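Notes follow once the structure below has been shown.
Numbering (my numbering), first residue to last: 11 to 174.
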């Protein structure tokens, strides 16, 4: 059975949380240190809903394989047409087109909603994610040195953007 995309619901929070927490514990794709709680992930989801930002999930056999969202890039009014996205796919599901489907959905929705630029902040050592974003039409526009710290090391952050 192939996966399909749909908007997330409150019932999806535990599976989204599992993906987020695995990423936090095992990688530098997320610079958070501590696993999120159900209450924190619920507050995140409710904030997305309140601000009318989408959370899309990829589903197969009632299991969430990945999710994608976007939100505010910066708070000042002049940035209102720029958004920052996130896409997370379970490690054992990567390379199957799930990330591409989720990011394509986010790009299409952002265009339809009148956004002008989509930004992604990616750990500079994550060559796979950088290459993936380049294939999706993003370009590297900045490299911030040693702005993150996790697992006992300083981390560089790569900013990529795509004009919509």
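Note that CB positions come from ideal geometry on N, CA and C, so glycine has one too. Given the structure is predicted, the values throughout are model-derived calculations rather than measurements.
Contact check for residue 135 against residue 39 fails: the beta carbons are separated by 8 Å or more. Assignment of beta strand (DSSP E) within the stretch 73–129, counting only whole runs of 3 or more residues, yields 73–82 and 92–99 in chain order. Assigned with DSSP and collapsed to three states, residue 171 falls in strand.
In the DSSP annotation of this structure, residue 59 is not part of any beta strand (DSSP E); the continuous alpha helix (DSSP H) holding it starts and ends at 48–60. Under the criterion of beta carbons closer than 8 Å, residue 78 and residue 17 do not qualify as touching, at roughly 11 Å. Per the DSSP secondary-structure output, residue 153 pairs in a beta bridge with 168. In summary, residue 65 is buried, with 16 or more beta-carbon neighbours lying within 10 Å of its beta-carbon over all protein chains present.
For residue 14, the enclosing beta strand (DSSP E) stretches over residues 14–17.
Residue pairing of residue 160 in beta bridges, as defined by DSSP: 163. The beta-carbon distance between residue 80 and residue 33, rounded to whole angstroms, is 17 Å. This is too long to meet the 8 Å contact definition. The C-beta distance from residue 83 to residue 93 rounds to 6 Å, short enough to meet the 8 Å contact threshold. By the Cβ-count criterion, residue 133 is buried, with 16 or more other Cβ atoms from all chains shown falling within 10 Å of its own Cβ. Exclusion of the five residues before and after residue 76 leaves 29, 67, 68, 97, 98, 99, 100, 103, 108, 109 and 112 as the residues of its chain whose Cβ lies within less than 8 Å of its Cβ. The three-state secondary structure of residue 22, taken from DSSP, is helix. Only exposed fits residue 122, as fewer than 16 other CB atoms lie within 10 angstroms of its CB. If you look at residue 42, you'll find it isn't in any alpha helix (DSSP H); DSSP assigns it neither H nor E.
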